[in-house]
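Undergrad: Input: one structure, supplied below.
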Amino acid sequence: MKKIDTPFKMKGLELTNRIVMAPMCQYSVTKEDGVPNNWHFVHYVSRAVGGTGLIIMEMTGVTPEGRITDQDLGIWDDSHVPAYREIVDEVHRQGAKIGIQIAHAGRKAEDANPPLAPSEVKGEALVEETKHGALKMPRALTAEEVRNTVGQFKEGARRAVQAGFDTIEVHGAHGYLLHQFMSPSINHRVDEYGRDLSRFGVEVIEAVKSVMPENMPLIMRMSAIEYIDGGYDLEYSLKMAKAFKDAGVDAFHISTGGEGVPGELKPGNYPAYQVPFAQAFKNKFGMPVIAVGMLDEPKVAEAVLSNGHADLVAVARGMLNDPYWAMHAIRKVTHEINPPVQYERGIR
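Residue numbers (my numbering): 60 to 407.
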């Protein structure tokens with residue numbers, strides 16, 4: 060039996076298939092106010108029409124200075140909610156479910172002056188990964204500011220619930236603020252947020268969960284390993300994940316790296332190169348896991364699912380290339396298709 064087109068349930072979230080649209084920044088806010096516009100509406104709704112089971116909206120800042128750039132989405136004000144609600148409602152009308160990834164970029168906030176971080180440790184990034192080139196020297200957050208940031212995550216989650224999202228994903232990967240706090244290479248604090256590197260993440264999770272309905276799952280994106288020299292390994296990330304699971308995470312979305320320019324250890328450049336890390340999380344915790352990373356070939360995605368390496372497969376660039384990737388992937392794997400009636404003449 061093919062798995063890619065089978066339903067999946069996670070707490071109160073029921074999906075029609077196992078395909079996830081991974082969060083991808085669109086850099087398309089024109090007024091620098093963080094509010095989604097017509098581009099975002101068309102972008103996300105078209106993937107719902109295209110058969111995606113779960114759409115996760117792009118990294119969305121819980122503060123203005125917590126965005127990667129000023130062209131990114133935000134959810135720091137109640138005035139943002141109606142625009143998100145319009146997208147959510149239409150995605151639902153097209154038969155898909157939708158979540159939102161809330162985050163703070165920390166030292167990778169390119170337009171913040173200065174960016175904020177656990178410690179005054181400057182980040183490095185590949186030029187092609189940034190909009191403005193080199194990253195700036197960050198300012199270390201005070202303990203009070205850290206606690207305020209926890210509250211900003213809580214308020215962002217409250218607004219996401221108000222907007223009608225089906226799930227929330229906390230971004231703890233790719234060198235952004237939650238990752239920075241859990242990374243020994245980046246967090247050099249000597250206070251309570253340095254003595255226990257899971258503490259900030261745990262507090263964010265607990266705060267977010269406090270405003271979420273009981274049946275709404277909380278997803279956490281994590282980098283299973285770092286690629287910088289001296290970076291943490293899989294054993295370390297599993298230790299962090301145990302604390303996050305105990306705090307309330309219901310599913311993990313597993314990626315790797317993103318904290319700086321790779322050292323001796325380099326990321327893979329082949330299909331499903333990150334899947335073994337997702338499998339390690341699934342084997343360790345026995346809870347829902349999303350795999351991601353070069354899963355654009357439908358039969359590779361199906362193999363990840365049918366082999367039990369992950370419960371859901373997330374596709375990113377493949378869905379930029381093809382809004383109907385999910386529908387086409389299901390057809391390729393199962394040889395069956397159920398397109399919208401309006402498209403039956405063209406999609407067979």
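Each residue gets a CB set at the ideal place from its N, CA and C atoms; glycine is no exception.
Looking at C-beta atoms only, is the number of pairs between the stretch 171–184 and the stretch 193–213 that lie closer than 8 Å three or more?
TA: yes
Undergrad: Going along the chain, which residues of its own chain have a beta-carbon closer than 7 Å to the beta-carbon of residue 224, five neighbours each way excluded?
TA: By 1-based counting over the sequence shown, the position of residue 224 is 165. Counting only Cβ-Cβ distances below 7 Å, and skipping sequence neighbours, we find 147, 157, 158 and 159.
Undergrad: Just reading off the beta strand (DSSP E) that residue 167 is part of, what are its end residues?
TA: Counting from 1 along the sequence shown, the entry for residue 167 is found at position 108. Careful: residue 167 lies outside any beta strand (DSSP E) and carries neither H nor E.
Undergrad: Tell me which residues share the same chain as residue 112 and place their Cβ nearer than 6 Å to its Cβ, disregarding the 5 neighbours each side in the sequence.
TA: Locating residue 112 in the sequence shown gives position 53, counting from the first residue. Once the five neighbours on either side are set aside, the close Cβ partners of residue 112 are 74, 75, 76 and 78.
Undergrad: Helix, strand or coil: how does DSSP classify residue 181 here?
TA: Counting from one through the sequence shown, the residue named residue 181 turns up at place 122. In the structure shown, residue 181 sits in coil (DSSP, three-state: anything other than H, G, I, E or B).
Undergrad: Give me, in chain order, the residues of the same chain whose beta-carbon lies closer than 6 Å to that of residue 116; leave out the 5 immediate sequence neighbours on both sides.
TA: Your numbering for residue 116 matches position 57 in the sequence shown. Closer than 6 Å at Cβ, skipping near neighbours: 159.
Undergrad: List the endpoints of the continuous alpha helix (DSSP H) containing residue 208.
TA: Position 149 of the sequence shown, counting from 1, holds the residue named residue 208. Residues 202–222.
Undergrad: Would you call the CB atoms of residue 133 and residue 382 closer than 8 Å?
TA: Translated into the one-based positions of the sequence shown, residue 133 becomes position 74. Translated into the one-based positions of the sequence shown, residue 382 becomes position 323. No, these two residues do not count as a Cβ contact at 8 Å.
Undergrad: Between the stretch 362–377 and the stretch 89–96, do three or more beta carbon pairs fall short of 8 Å?
TA: Contact fails: fewer than three Cβ-Cβ distances are below 8 Å.
Undergrad: Answer yes or no: do residue 266 and residue 212 have a C-beta to C-beta separation smaller than 8 Å?
TA: Working through the sequence shown from its first residue, we reach residue 266 at position 207. Working through the sequence shown from its first residue, we reach residue 212 at position 153. Using a Cβ distance threshold of 8 Å, residue 266 and residue 212 count as a contacting pair.
Undergrad: Based on DSSP bridge pairs, tell me the residues matched to residue 176.
TA: Taking the first residue of the sequence shown as 1, we reach residue 176 at position 117. Looking at the DSSP output, residue 176 sits in a beta bridge with 199.
Undergrad: Please report the distance separating the alpha-carbon of residue 398 from that of residue 405.
TA: Walking along the sequence shown from the start, residue 398 turns up at place 339. Walking along the sequence shown from the start, residue 405 turns up at place 346. Cα-Cα distance, rounded: 9 Å.
Undergrad: Should the stretch 201–210 be called in touch with the stretch 137–147, which here means at least 3 C-beta pairs below 8 Å?
TA: no
Undergrad: Sort 257, 334 and 164 by Cα distance to residue 317 and report the nearest one.
TA: The residue you call residue 317 lines up with position 258 of the sequence shown. Taking only the C-alpha atoms, the option nearest residue 317 is 164.
Undergrad: Whose CA, out of 345, 308, 342 and 363, lies closest to the CA of residue 334?
TA: As a working mapping, residue 334 is identified with position 275 in the sequence shown. Ranking 345, 308, 342 and 363 by Cα distance to residue 334 puts 363 first.
Undergrad: From the DSSP output, in three-state form, read off residue 119 for me.
TA: Translated into positions along the sequence shown, residue 119 becomes position 60. Strand, per DSSP.
Undergrad: Using the rule of at least 16 other Cβ atoms within 10 Å of the residue's Cβ for burial, across every protein chain shown, is residue 202 buried or exposed?
TA: Along the sequence shown, read from residue 1 onward, the residue named residue 202 stands at position 143. With fewer than 16 Cβ atoms within 10 Å of its Cβ, residue 202 is classed as exposed.
Undergrad: Do residue 331 and residue 354 have their C-beta atoms closer together than 8 Å?
TA: Taking the sequence shown and counting its residues from 1, the one referred to as residue 331 is at position 272. Taking the sequence shown and counting its residues from 1, the one referred to as residue 354 is at position 295. Going by C-beta atoms, residue 331 is nearer than 8 Å to residue 354.
Undergrad: Taking 8 Å as the cut-off, decide whether the C-beta atoms of residue 325 and residue 358 are in contact.
TA: Taking the sequence shown and counting its residues from 1, the one referred to as residue 325 is at position 266. Taking the sequence shown and counting its residues from 1, the one referred to as residue 358 is at position 299. Their beta carbons are not under 8 Å apart, which means residue 325 does not touch residue 358 by this criterion.
Undergrad: With distances taken from CA atoms, which of 341, 351 and 380 is nearest residue 372?
TA: By one-based count along the sequence shown, residue 372 stands at place 313. Nearest C-alpha to residue 372: 351.
Undergrad: Return the first residue and the last residue of the beta strand (DSSP E) that residue 51 is part of.
TA: Any property of residue 51 remains undetermined from this structure, which presents the chain solely from 60 to 407.
Undergrad: Within the same chain, show all residues whose beta-carbon is closer than 6 Å to that of residue 162, passing over the 5 residues directly before and after it, in chain order.
TA: Indexing the sequence shown from 1 puts residue 162 at position 103. Closer than 6 Å at Cβ, skipping near neighbours: 118, 230 and 235.
Undergrad: Report the three-state DSSP secondary structure of residue 314 (helix, strand or coil).
TA: Along the sequence shown, read from residue 1 onward, the residue named residue 314 stands at position 255. Residue 314: strand per DSSP, three-state reduction.
Undergrad: With DSSP as the reference, label residue 69 as helix, strand or coil.
TA: Counted from its first residue, the sequence shown places residue 69 at position 10. DSSP places residue 69 in strand when its eight states are reduced to three.
Undergrad: Suppose contacts are defined by Cβ-Cβ distances below 8 Å. Is residue 228 in contact with residue 278 by that definition?
TA: Your numbering for residue 228 matches position 169 in the sequence shown. Your numbering for residue 278 matches position 219 in the sequence shown. Less than 8 Å separates the beta-carbon of residue 228 from that of residue 278.
Undergrad: Thinking C-alpha only, which one of 91, 221 and 394 is nearest residue 424?
TA: Since the first and last residues shown for the chain are 60 and 407, residue 424 lies out of range.
Undergrad: Return yes when the Cβ of residue 282 is within less than 8 Å of the Cβ of residue 244, no when it is not.
TA: Position 185 of the sequence shown, counted from the first residue, corresponds to residue 244. Position 223 of the sequence shown, counted from the first residue, corresponds to residue 282. Not a contact, by the Cβ cut-off of 8 Å.
Undergrad: So the candidates are 151, 168, 86 and 320; which of them puts its Cα closest to the Cα of residue 222?
TA: Indexing the sequence shown from 1 puts residue 222 at position 163. Among 151, 168, 86 and 320, the Cα nearest to that of residue 222 is on 151.
Undergrad: Return the CA-CA distance between residue 135 and residue 218, expressed in angstroms with no decimal places.
TA: Working through the sequence shown from its first residue, we reach residue 135 at position 76. Working through the sequence shown from its first residue, we reach residue 218 at position 159. Each residue's Cα considered, the two are about 8 Å apart.
Undergrad: Output the distance between the C-alpha atoms of residue 484 and residue 193, rounded to the nearest integer angstrom.
TA: Since the first and last residues shown for the chain are 60 and 407, residue 484 lies out of range.
Undergrad: Tell me the residue span of the beta strand (DSSP E) that contains residue 280.
TA: Within the sequence shown, numbered from 1, the residue matching residue 280 stands at position 221. Counting along the chain, the beta strand (DSSP E) containing residue 280 begins and ends at 277–282.
Undergrad: Can you look up residue 113 in the DSSP assignment and give me helix, strand or coil?
TA: On the sequence shown, residue 113 is found 54 positions in, with the first residue counted as 1. Residue 113 falls in the strand class under three-state DSSP.
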